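*Asks:* Mind looking over this structure? Questions follow.
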Amino acid sequence: MKIDNENIDIERIAKLSQLEFLDDDLECIYKDMTDIIRMINELPDIYKDKEYECFYNNFYNEENSNGLSKLRDDIIIDSETMCEKLLKNAPCIHNGFLSIPKTF
Amino acid sequence: MLLYKKTAAELSKMLRNRECSSVEICNSFLDRIKQNEKNTEAYITICDDIIDKAKEIDKMLALGEKLHALAGIPIALKDNISTKGIRTTCASKMLQNYIPPYDAYVVKKLKDAGMIITGKLNMDEFAMGSSTETSYFKKTHNPYDPDYVPGGSSGGCAAAVISGEAVLSLGSDTGGSIRQPAAFCGAVGFKPTYGSVSRYGLIAFASSLDQIGTICRDVSDTALLYNLICGYDKMDATSARREYPNFYSRLSDCNINGMRIGIPFEYFKENVSEEVIQNILNAIELLKYIGAEIYEISLPSTKYAVNAYYIISSAEASSNLARYDGVRYGYRTKNYNNLSDMYTKTRSEGFGDEVKRRIMLGNFVLSSGYYDKYYKKASDIRLMIKYEFNNAFKECDIIITPTYPTSAFKFGEHKDNLTKLYNNDIFTVPASLAGIPSISIPCGYSSKGLPIAMQIMGKNFSEMTLLKVAYAFEKLYGKPERME
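Chains A and B, in that order, are what the protein sequence lines are. Those letters in the first sequence? Residues 896 to 999, by our numbering. Those letters in the second sequence? Residues 304 to 787, by our numbering.
What follows is the structure, given as structure tokens:
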């Protein structure tokens, strides 16, 4: 299920959120999420705004950007393969999870 | 003598002068709750040891022990503040039967001062909402008109204080959750600077925005209660290590002659009701009359604040609420096939619709490929807003805006238009994103007789200035009576 041209799969987001929906509810959440994502999509490309330029020149320059909203690059990594590798080393696995001894 | 109509400052004085006892005060509030709770529905839990605690305080006072000014005074708490041995539900099915094993920092402060907790107040589920309609338990009604919402998420706090079911209350504010319900119910709502009140024991929604604050009937009570709860706490990594003045005793010096008030008129343009604008302008005229100087200022990036707020708060919520999986505490589904199924079914059955929407939005904006587009941009906007506020406070001492674009709305009014409801947070979310203090005080009534409020914002740790201005205004304008 897609939202506009954004290539967003609502079922995938539900899975990431550890949530499940009945078909009727899924339709409803789909509509709500479409509206909300449309709202947040209204954020313009601030990096071209004169306000951002002024802010950047005065505050968010090379000198003081270290540690201020300096976020790592958004790189997609293959977490499924990593997961498989990890489970290979585990002494005991149950339903795809690491199984550990009960402590209390 | 109707003690429930008195303020905490008045009750404290009466108690010390032996004009009444703590038992009489508590009984007055309990009678009021019994009489009025069916109309307001503000409480989720009412404590059963109130009179026993009041008797202990009366005994200590009779022995001449030196106690805190608020000893023997009852207080009610929003149901997301952890109370040892008292159910703390966050108004969610997920925590319906959760009894915390420890007290929040603020609760310990209240208990140490000898205050008496009357109960836990209704709220939007996990503090997500602005009408208290998303509570799993009940709908709280606006004391001015039961067809209208009390605001949210601390709707129970504002309704209880104004209906006389609580003398004082503590709430939490993430994007306006103290200020907006206070505005809707005609109370004084105070969100202090981020870091000035410990969040230890406050059930997390969005940790970089959450802040405990007060909802009281007037500014004096606000200062009295804030005096007690502010301060450094090593259990909260974001707690500010600094000295705080005695806000209450310094309140009487409320001369605002020459104070520079900034008005961002760009705020007043869109979707703000005419009667709200008129009442705010009248309030500004009153402040001018007592010596304040008015300056027009600009905060251009605040137009992006709502969008940035919903991205950041939902992202943090999706992480904070991941702990509710049925393993350690809270609700657990009865029927499941395996561990993963248990997680999913527990969360799907335990959370309400609004919480699910926010978790989904949070996971979406943090997911691979969308992080830069949404989260990083929102974080940069947050910095821009902070920067603009810092610059504005070079030109003025405080900034005044409406607290909300309208007076209270009817139940269900926004159920088909969520984004309009979200966009109405435009006045409250900038202060949350910047972490600055902000207070909402009543300044008029709508044509329907519902309260209208103005918001006063100041630079970080300028609480004394905000309280002084609010107090000066309140002295001129007056304060609302408790409802009959």
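For each residue, glycine too, the CB sits at the ideal point set by N, CA and C. Keep in mind that this is a model prediction, so the values were computed, not measured.
Residues in the same chain with beta-carbon distance under 6 Å from I532(B), minus the five sequence neighbours each way, listed in chain order, please.
*Replies:* One-based indexing of the second sequence puts residue 532(B) at position 229. So the qualifying residues of the chain are V409, K412, V500.
*Asks:* Are the Cβ atoms of P740(B) and T605(B) separated by less than 8 Å?
*Replies:* Indexing the second sequence from 1 puts residue 740(B) at position 437. Indexing the second sequence from 1 puts residue 605(B) at position 302. Taking 8 Å as the Cβ cut-off, P740(B) and T605(B) do not qualify as a contacting pair.
*Asks:* Please list the partners that Y925(A) has in chain B, where partner means a Cβ-to-Cβ separation under 7 Å.
*Replies:* For the purposes of this step, residue 925(A) is taken as the residue at position 30 of the first sequence. Those within 7 Å of Y925(A) in chain B number zero; the least Cβ separation is about 10 Å.
*Asks:* Can you confirm whether N990(A), when its beta carbon is compared against all beta carbons of chain B, has any partner nearer than 8 Å?
*Replies:* Here residue 990(A) corresponds to residue number 95 of the first sequence, with the count starting at 1. It does: the Cβ of N990(A) has a partner Cβ on chain B nearer than 8 Å.
*Asks:* What residue ranges within the stretch 419 to 473 of chain B form continuous beta strand (DSSP E) runs of no fewer than 3 residues, ordered along the chain?
*Replies:* If we require 3 residues or more, the beta strand (DSSP E) runs fully inside the stretch 419 to 473 of chain B come out as 419 to 424.
*Asks:* Looking at the C-beta of T722(B), does it have a partner C-beta in chain A at a distance below 8 Å?
*Replies:* In the second sequence, counting from the first residue as 1, residue 722(B) sits at position 419. For T722(B), the answer is yes, since a Cβ of chain A falls inside 8 Å of its Cβ.
*Asks:* Kindly indicate which residue of S475(B), K689(B), F508(B), R685(B) has the alpha-carbon position closest to the one of K423(B).
*Replies:* As a first step, residue 423(B) is located in the second sequence; it is residue number 120 there, counting from the start. Ranking S475(B), K689(B), F508(B), R685(B) by Cα distance to K423(B) puts S475(B) first.
*Asks:* Can you give me the C-alpha to C-alpha distance between Q758(B) and L770(B), rounded to a whole angstrom?
*Replies:* Sequence index remark: in the second sequence, residue 758(B) carries index 455 (1-based). Sequence index remark: in the second sequence, residue 770(B) carries index 467 (1-based). Between Q758(B) and L770(B), the C-alpha separation is close to 12 Å.
*Asks:* Closer than 6 Å by C-beta to F571(B): which residues in its own chain qualify, once you throw out the five before and the five after it? Chain order, please.
*Replies:* Walking along the second sequence from the start, residue 571(B) turns up at place 268. For F571(B), where only same-chain residues beyond five positions count, the Cβ hits under 6 Å are I580.
*Asks:* In chain order, what are the residue ranges of uninterrupted alpha helix (DSSP H) at least 4 long that sit wholly in the stretch 622 to 702 of chain B?
*Replies:* Entirely contained in the stretch 622 to 702 of chain B, the alpha helix (DSSP H) runs reaching 4 residues are, in chain order, 642 to 653, 656 to 669, 680 to 698.
*Asks:* Beta-carbon separation of A311(B) and L373(B) under 8 Å?
*Replies:* Stepping through the second sequence from its first residue, residue 311(B) is reached at position 8. Stepping through the second sequence from its first residue, residue 373(B) is reached at position 70. Going by C-beta atoms, A311(B) is nearer than 8 Å to L373(B).
*Asks:* For the alpha helix (DSSP H) containing K362(B), list its first residue and its last residue.
*Replies:* If you number the second sequence from 1, residue 362(B) lands on position 59. K362(B) -> alpha helix (DSSP H) spans 353 to 365.
*Asks:* Run down chain A in chain order and give the residues with a C-beta less than 7 Å from the C-beta of Y674(B).
*Replies:* Start at 1 with the first residue of the second sequence, and residue 674(B) comes out as number 371. Residues of chain A passing the Cβ test: D969.
*Asks:* How big is the Cα-Cα spacing for R321(B) and K358(B)?
*Replies:* For the purposes of this step, residue 321(B) is taken as residue 18 along the second sequence, with counting starting at 1. For the purposes of this step, residue 358(B) is taken as residue 55 along the second sequence, with counting starting at 1. Looking at the two C-alpha atoms, the distance is approximately 14 Å.
*Asks:* Applying the criterion that 16 or more other CB atoms from any shown protein chain within 10 Å of the CB defines a buried residue, is M426(B) buried or exposed?
*Replies:* Stepping through the second sequence from its first residue, residue 426(B) is reached at position 123. M426(B) comes out buried.
*Asks:* Contact defined as beta carbons within less than 8 Å: I believe V522(B) pairs with E766(B). What is the distance between those atoms, to the nearest angstrom?
*Replies:* As a working mapping, residue 522(B) is identified with position 219 in the second sequence. As a working mapping, residue 766(B) is identified with position 463 in the second sequence. The Cβ separation is near 12 Å, so there is no contact.
*Asks:* Quick check on the burial criterion: 16 or more other C-beta atoms within 10 angstroms. Buried or exposed for S974(A)?
*Replies:* For this step, residue 974(A) is matched to residue 79 along the first sequence. Label assigned to S974(A): exposed.
*Asks:* Nearest CA to the CA of L364(B): which residue from R319(B), N330(B), C350(B), L380(B)?
*Replies:* Taking the first residue of the second sequence as position 1, residue 364(B) is located at position 61. Measuring from the Cα of L364(B), the nearest candidate turns out to be R319(B).
*Asks:* Which full runs of the alpha helix (DSSP H) of 4+ residues lie inside the stretch 508 to 533 of chain B, going along the chain?
*Replies:* DSSP runs (the alpha helix (DSSP H)) wholly in the stretch 508 to 533 of chain B: 522 to 532.
*Asks:* Can you check whether the C-beta of K680(B) is within less than 8 Å of a C-beta belonging to chain A?
*Replies:* Counting from 1 along the second sequence, the entry for residue 680(B) is found at position 377. Yes, contact with chain A.
*Asks:* Are the CB atoms of A737(B) and I701(B) nearer to each other than 8 Å?
*Replies:* To locate residue 737(B), count along the second sequence from 1; it is residue 434. To locate residue 701(B), count along the second sequence from 1; it is residue 398. Against a cut-off of 8 Å, the Cβ pair of I701(B) and A737(B) comes out as no contact.
*Asks:* Spatial neighbours of S385(B) within its chain, please: C-beta separation below 6 Å, excluding the five flanking residues on both sides.
*Replies:* Within the second sequence, numbered from 1, the residue matching residue 385(B) stands at position 82. Same-chain partners within the cutoff: T391, P403, A407, G504.
*Asks:* Below 8 Å, can you find three or more Cβ-Cβ pairs linking the stretch 543 to 558 of chain B to the stretch 427 to 437 of chain B?
*Replies:* Short answer: they don't touch.
*Asks:* Buried or exposed for E906(A), please, with buried defined as at least 16 other CB atoms from any protein chain shown within 10 angstroms of its CB.
*Replies:* Translated into the one-based positions of the first sequence, residue 906(A) becomes position 11. Per the 10 Å Cβ criterion, exposed.
*Asks:* Using the Cβ count rule (16 or more neighbours within 10 Å means buried), how would you classify N383(B)?
*Replies:* For the purposes of this step, residue 383(B) is identified with residue 80 of the second sequence, where counting begins at 1. Flag for N383(B) reads buried.
*Asks:* Looking at G454(B): is its Cβ nearer than 8 Å to the Cβ of P754(B)?
*Replies:* Working through the second sequence from its first residue, we reach residue 454(B) at position 151. Working through the second sequence from its first residue, we reach residue 754(B) at position 451. Contact: no.
*Asks:* In chain A, what lies closer than 9 Å to I614(B) by C-beta?
*Replies:* Position 311 of the second sequence, counted from the start, is the residue given in the question as residue 614(B). Chain A residues near I614(B): I935, L938.
*Asks:* Mark G633(B) as exposed unless 16 or more other C-beta atoms lie within 10 angstroms of its C-beta, in which case mark it buried.
*Replies:* Along the second sequence, one-based indexing puts residue 633(B) at 330. Looking at its Cβ environment, which holds 16 or more other Cβ atoms inside 10 Å, G633(B) is buried.
*Asks:* With a cut-off of 8 Å, does the C-beta of A985(A) fall near any C-beta of chain B?
*Replies:* As a position in the first sequence, residue 985(A) is number 90, starting the count at 1. Chain B, which has no Cβ nearer than 8 Å to the Cβ of A985(A), makes this no.
*Asks:* Between the stretch 639 to 650 of chain B and chain A, which residues of the former have CB atoms less than 8 Å from a CB of the latter, in chain order?
*Replies:* Going along the stretch 639 to 650 of chain B in chain order, one finds N641, L642, S643, Y646, T647, K648, R650 with a Cβ nearer than 8 Å to chain A.
*Asks:* Taking 8 Å as the cut-off, does the stretch 612 to 621 of chain B touch the stretch 656 to 668 of chain B (at least 3 CB pairs, one atom from each stretch)?
*Replies:* Segments in contact, yes.
*Asks:* In chain B, which residues lie with their C-beta within 8 Å of the C-beta of L914(A)?
*Replies:* Reading the first sequence from its first residue, position 19 is the one you call residue 914(A). Those within 8 Å of L914(A) in chain B are T647, R650, S651, F654, K659, I662, M663.
*Asks:* Look at the Cβ atom of T496(B), then the Cβ atom of F764(B), and state whether they are nearer than 8 Å.
*Replies:* Reading the second sequence from its first residue, position 193 is the one you call residue 496(B). Reading the second sequence from its first residue, position 461 is the one you call residue 764(B). In contact: T496(B) and F764(B) (Cβ atoms closer than 8 Å).
*Asks:* Is there a Cβ of chain B sitting closer than 8 Å to that of D919(A), yes or no?
*Replies:* Locating residue 919(A) in the first sequence gives position 24, where the first residue counts as 1. Output row for D919(A): interface = no.
*Asks:* Tell me the start and end of each unbroken beta strand (DSSP E) in the stretch 535 to 617 of chain B that is at least 3 residues and wholly inside, in chain order.
*Replies:* With a minimum length of 3 residues, the continuous beta strand (DSSP E) runs that stay inside the stretch 535 to 617 of chain B are 563 to 566, 596 to 599.
*Asks:* Would you say E975(A) lies against chain B (beta-carbon separation less than 8 Å)?
*Replies:* For this step, residue 975(A) is matched to residue 80 along the first sequence. No - not a single Cβ of chain B is within 8 Å of the one on E975(A).
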